[in-house]
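Chemist: One structure coming up, written as structure tokens, with questions to follow.
2 protein chains.
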Amino acid sequence: MGQEPSPPLDGVRVIDLTRILSGPFCSMLLGDMGADVIKIESLAGDPVRQQGHHKNGLSWYFASFNRNKKSVVLDLYSRDGKAALEDLLRDADVLVENFRPGVMDKMGFSQAHLEEINPRLVTASINGYGSEGPYTDRPAFDFIAQAMSGFMSVNGADDSQPIRAAQPVSDLIAGLYTAFGIVSALRGRDRDGQGQHVETAMVNSALSFMAYLASEHFVTGKNPARTGNDHPLVAPYGLYATADGQIAIAPSNEQILQKLLNEIGLPNLLLDARFDDNAKRFAQRQELHDILDAALASDTLDNWIQRLNKAGVPAGKVQTLQDVFSDPQIIAQDMAIGVPHGKHGNVRMLGFPVKLGRTPCKARLPAPELGEHTEEILRSVKSASTTSN
Amino acid sequence: MGQEPSPPLDGVRVIDLTRILSGPFCSMLLGDMGADVIKIESLAGDPVRQQGHHKNGLSWYFASFNRNKKSVVLDLYSRDGKAALEDLLRDADVLVENFRPGVMDKMGFSQAHLEEINPRLVTASINGYGSEGPYTDRPAFDFIAQAMSGFMSVNGADDSQPIRAAQPVSDLIAGLYTAFGIVSALRGRDRDGQGQHVETAMVNSALSFMAYLASEHFVTGKNPARTGNDHPLVAPYGLYATADGQIAIAPSNEQILQKLLNEIGLPNLLLDARFDDNAKRFAQRQELHDILDAALASDTLDNWIQRLNKAGVPAGKVQTLQDVFSDPQIIAQDMAIGVPHGKHGNVRMLGFPVKLGRTPCKARLPAPELGEHTEEILRSVKSASTTSN
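Read top to bottom, the protein sequences are chains X and V.
Taken in order, the first sequence gives residues 1 to 389; the numbers are from full-length UniProt numbering.
Taken in order, the second sequence gives residues 1 to 389; the numbers are from full-length UniProt numbering.
Encoded structure:
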């Protein structure tokens, strides 16, 4: 006791064969929690090293998803490369990869062989459709997963075509589920000594976010409608005009709606026979929208946000990223951090969304140069195996 | 050995004070991994019990987010209720709540007091903006978190207004991060005996999904544009017309693009001076779109999906939920399951996106009736405390 407490995943060694996004996001989450992540790259390196805007010779996209990792270059098609990987896996806790199903087998690392090498190993796969079923061999991509999962079908206005989320949601959801699955499997392994395989598919991940839209579909048999910024069932809800900009308002129940109406000077609106229950409000939602716009014209956006939140009504505005990173709340939450990257200078990147009280996540290591730790890591593995022989 | 392996979170007791969505999703994920989740409800119960379509007296929305939990009714404003909660926490591993910051303190359960009751307890909070900073007291709601986080600013077409994702993404991302944080903190606790506090804010969670859009913003200083279904940098990419419906195509690099062009009968298109690099293709993307549509008109959507995937080009279609749940891949992945709920009958709900090889997630328990386990749980806690005295 008395010493600096170690992070939750301290001492967990992750061998990371992933590249691009879903996998590197997953292994970054593990690294942020203190795991020792060894990123295995081909001589060409993770393609993301070449993507996005560069500054001082570094892709900030690459930098932001590969903090807290070390880089080891191995040619996994060569005998030496395979042998080195096998050495690494013998002492590792986790292997994570995001190849298409079957690629690991072809490389000579079937699940059965991995269990032979190290029965305590937790092995994790992130892929497009899952390793069982007719689409297993299909190549995956976020946009396609959004389309195939139903995620896209409900996004957009009712008179527009379905629209993707601009964020790579299926990559990120899959990466996050996999990190959760890996840590859970490690906890199981710590109890009974046996690793196991964790698998998450991008399509299943995006589908899981259909949440109550899926429940409603199961119980009614109907497809959910596209309703843009309107709520499919509740009114008022959405974007309204103030004196100088649009306000986002979401009164989640009748009590909060009454608070909203009190604050905007329409305390008796719910006594009006046109609006006295949600079904009527929903049916006349354009008329209601106009009435609210008229009332909200009396003050500015920022004042309304202050006033409504104070009154207990969830309210905000559509912030751009420039707005977001100058927002005092985002600053107080350290959601943009600067990480020194040696000759590449200081890189700004997103902070840590999971806040731990005793052992907060830290950027312990900047994103590595390609192969920066090849010698250090391979030597340590070799000397460990010499010692144990 | 030889017996049925127990699930990864077997023996972990979670005291769950959450209601609505973000928190119940988090505790469901823990329950799916085998934790013993005790859902504490007021006499009125989780409001979601009344929401969404009901069948045989049960909300399927409630049922689908509250599997693998037991329900205990406690009045946390009464002395007896507080004492019962304290008894429960003494032997628990995790406490999770999604009140506004400060509510737990007002109830008499400050972090300091929780540590006194049980220093091994992992305590977790999910809230709107985080418990530090100027917006701490603001009420939270998914739509507002999407707006305030920048998530909404990039969704929609360039000539439309920003548009929310129809899915409650900020609730779900926050719940998933919290589950990951909790299991990580448990692993830390198993090593050094000390619990800690885990906190995740909905706004930070949605912001974290800005991924490379945030990296690009940091390095260029510019706000990302809204580009609808077009990729902001790459062409071709998006929805194209076939003989009988729209196909989603996303060739992620030049090699895959060439495979696409070979398959659709335009093998020499990249030799055309108008299209021989991505910048030109992007500048003439409408012309390129028309050329692709003309080529794709020669076959049906389903045939093209087969052909293109076989050729190594990610391709699919915008599936509705009806399409999704009759898709042979989704069926092979068990992404819709049926769970018997006694007198309420069989409830269909989403399956498990994280597949574990040795100890697969199971619906061990249906969503509980309000207070169904009050007596059983409170009796067991009382007899345990009698035994230990």
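Cβ coordinates follow ideal geometry from the N, Cα and C atoms, glycine included.
Is residue 299 of chain X helix, strand or coil when you go by DSSP?
Modeler: Three-state DSSP puts residue 299 of chain X in coil, outside helix and strand.
Chemist: Just to make sure I have the definition right: I need the residues of chain X whose C-beta is within less than 7 angstroms of the C-beta of residue 184 of chain V. Which are they?
Modeler: Simply 8, 9, 33, 183.
Chemist: Please report how far the alpha carbon of residue 351 of chain V lies from the alpha carbon of residue 91 of chain V, in whole angstroms.
Modeler: Using only the alpha carbons, I get a separation of about 31 angstroms.
Chemist: Is the shortest distance between the beta-carbon of residue 187 of chain X and the beta-carbons of chain V less than 8 angstroms?
Modeler: Closer than 8 angstroms to some Cβ of chain V, the Cβ of residue 187 of chain X qualifies, so yes.
Chemist: In chain order, which continuous runs of the beta strand (DSSP E) of length 3 or greater are located wholly inside the region 57-121 of chain X?
Modeler: You should have 69-73, 94-97.
Chemist: Can you tell which of V/238, V/24, V/43 has the C-alpha that lies nearest to the C-alpha of residue 390 of chain V?
Modeler: Look at the range of chain V in this structure, 1 to 389, and you will see that residue 390 of chain V is not part of it.
Chemist: According to DSSP, residue 212 of chain V sits in a beta bridge with which residue or residues?
Modeler: In DSSP, residue 212 of chain V forms no bridge with anything.
Chemist: Listed from N- to C-terminal order along the chain, which residues in the region 41-63 of chain X have their beta-carbon within a distance smaller than 7 angstroms of any beta-carbon of chain V?
Modeler: The residues in question are 52, 53, 55, 60, 61.
Chemist: Applying a beta-carbon distance threshold of less than 9 angstroms, which residues of chain X neighbour residue 197 of chain V?
Modeler: Neighbours of residue 197 of chain V on chain X, chain order: 355, 356, 357, 358.
Chemist: For residue 77 of chain V, does the count of other Cβ atoms within 10 angstroms reach 16, so buried, or fall short, so exposed?
Modeler: Residue 77 of chain V should be labelled exposed.
Chemist: Quick check on DSSP: helix, strand or coil for residue 163 of chain X?
Modeler: In this structure, residue 163 of chain X counts as coil in the three-state DSSP scheme.
Chemist: Could you name the residues of the region 132-155 of chain V whose beta carbon sits closer than 9 angstroms to any beta carbon of chain X, in the order they occur along the chain?
Modeler: So the list reads 132, 133, 134, 135, 136, 137, 138, 139, 140, 141, 142, 143, 144, 145, 146, 147, 148, 149, 150, 151, 152, 153, 154, 155, given in the order they occur along the chain.
Chemist: Have a look at X/79, X/144, X/139 and flag the residue whose alpha-carbon is nearest the alpha-carbon of residue 249 of chain V.
Modeler: Taking only the C-alpha atoms, the option nearest residue 249 of chain V is X/144.
Chemist: Taking 8 angstroms as the threshold (beta carbon to beta carbon), is residue 389 of chain X in contact with chain V?
Modeler: Interpretation of residue 389 of chain X is limited by its pLDDT of 42, a score under 50 that renders its predicted location unreliable; the figure taken from the coordinates is listed afterwards. No, residue 389 of chain X lies away from the interface with chain V (no Cβ there is under 8 angstroms from its Cβ).
Chemist: So is residue 381 of chain X buried or exposed if we call it buried at 16+ other beta carbons inside 10 Å?
Modeler: Flag for residue 381 of chain X reads buried.
Chemist: Which residue from X/134, X/274, X/192, X/293 puts its Cα closest to that of residue 329 of chain V?
Modeler: Selected option, being the one with the closest Cα: X/134.
Chemist: Decide if the region 27-47 of chain V is in contact with the region 305-314 of chain V; the criterion is three or more beta carbon pairs, one per stretch, under 8 angstroms apart.
Modeler: Taking 8 angstroms as the limit for Cβ pairs, the verdict is that the region 305-314 of chain V does not touch the region 27-47 of chain V.
Chemist: So residue 15 of chain V is in the beta strand (DSSP E); what residue range does that whole segment cover?
Modeler: Residues 13-16.
Chemist: Reducing DSSP to helix, strand and coil, say where residue 340 of chain X ends up.
Modeler: Strand at residue 340 of chain X.
Chemist: Give the list of continuous alpha helix (DSSP H) stretches no shorter than 4 residues that lie fully inside the region 252-287 of chain X.
Modeler: Correct list: 254-263, 278-283.
Chemist: Using beta carbons (cut-off 8 angstroms, strictly below), is residue 102 of chain X in contact with chain V?
Modeler: Residue 102 of chain X does not count as touching chain V.
Chemist: From which residue to which residue does the alpha helix (DSSP H) around residue 183 of chain X run?
Modeler: Taken as a continuous stretch (DSSP letters only), the alpha helix (DSSP H) holding residue 183 of chain X covers 169-192.
Chemist: Which residues of chain X have a Cβ atom closer than 9 angstroms to the Cβ of residue 287 of chain V, listed in chain order?
Modeler: Within 9 angstroms Cβ-Cβ: nothing; residue 287 of chain V doesn't reach chain X, min ~20 angstroms.
Chemist: Per DSSP, what kind of secondary structure is residue 389 of chain X in: helix, strand or coil?
Modeler: At residue 389 of chain X, the pLDDT of 42 sits below 50, so the modelled position is not reliable and the matter cannot be decided from this model.
Chemist: Using 8 angstroms as the threshold, is the C-beta distance between residue 72 of chain V and residue 292 of chain V below it?
Modeler: No; because the gap between Cβ atoms is not below 8 angstroms, this pair is not in contact.
Chemist: Among X/345, X/372, X/177, X/358, whose alpha-carbon lies nearest the alpha-carbon of residue 219 of chain V?
Modeler: Checked all of X/345, X/372, X/177, X/358; the closest Cα to residue 219 of chain V is X/345.
Chemist: Determine, for residue 282 of chain V, whether the minimum Cβ-Cβ distance to residues of chain X falls below 8 angstroms.
Modeler: Output row for residue 282 of chain V: interface = no.
Chemist: At a CB-CB cut-off below 9 angstroms, which residues of chain V make contact with residue 242 of chain X?
Modeler: Near residue 242 of chain X there are no residues of chain V at all, since even the closest Cβ is about 14 angstroms away, more than 9 angstroms.
Chemist: Select from X/47, X/51, X/68, X/79 the residue whose C-alpha is nearest the C-alpha of residue 15 of chain X.
Modeler: Nearest of X/47, X/51, X/68, X/79 to residue 15 of chain X, Cα basis: X/68.
Chemist: By a C-beta neighbour count over all protein chains shown, 10 Å radius and 16 as the cutoff for buried, is residue 286 of chain V buried or exposed?
Modeler: Label assigned to residue 286 of chain V: exposed.
Chemist: Check whether the region 161-168 of chain V touches the region 349-369 of chain X, taking contact to mean three or more Cβ pairs, one atom from each stretch, closer than 8 angstroms.
Modeler: As far as the Cβ criterion goes, the region 161-168 of chain V does not touch the region 349-369 of chain X, which means the pair count is below three.
Chemist: Using a Cβ-Cβ cutoff of less than 6 angstroms, which residues in the same chain neighbour residue 39 of chain V once the five nearest sequence positions on both sides are dropped?
Modeler: If we look at residue 39 of chain V and ignore the five residues flanking it on each side, its Cβ neighbours are 16, 69, 71.
Chemist: Check residue 246 of chain X in the structure and name its three-state DSSP category.
Modeler: Here residue 246 of chain X sits in strand by DSSP.
Chemist: Three or more beta-carbon pairs under 8 angstroms between the region 199-218 of chain V and the region 124-131 of chain V, yes or no?
Modeler: In short, these stretches touch, since the Cβ pair count reaches three.
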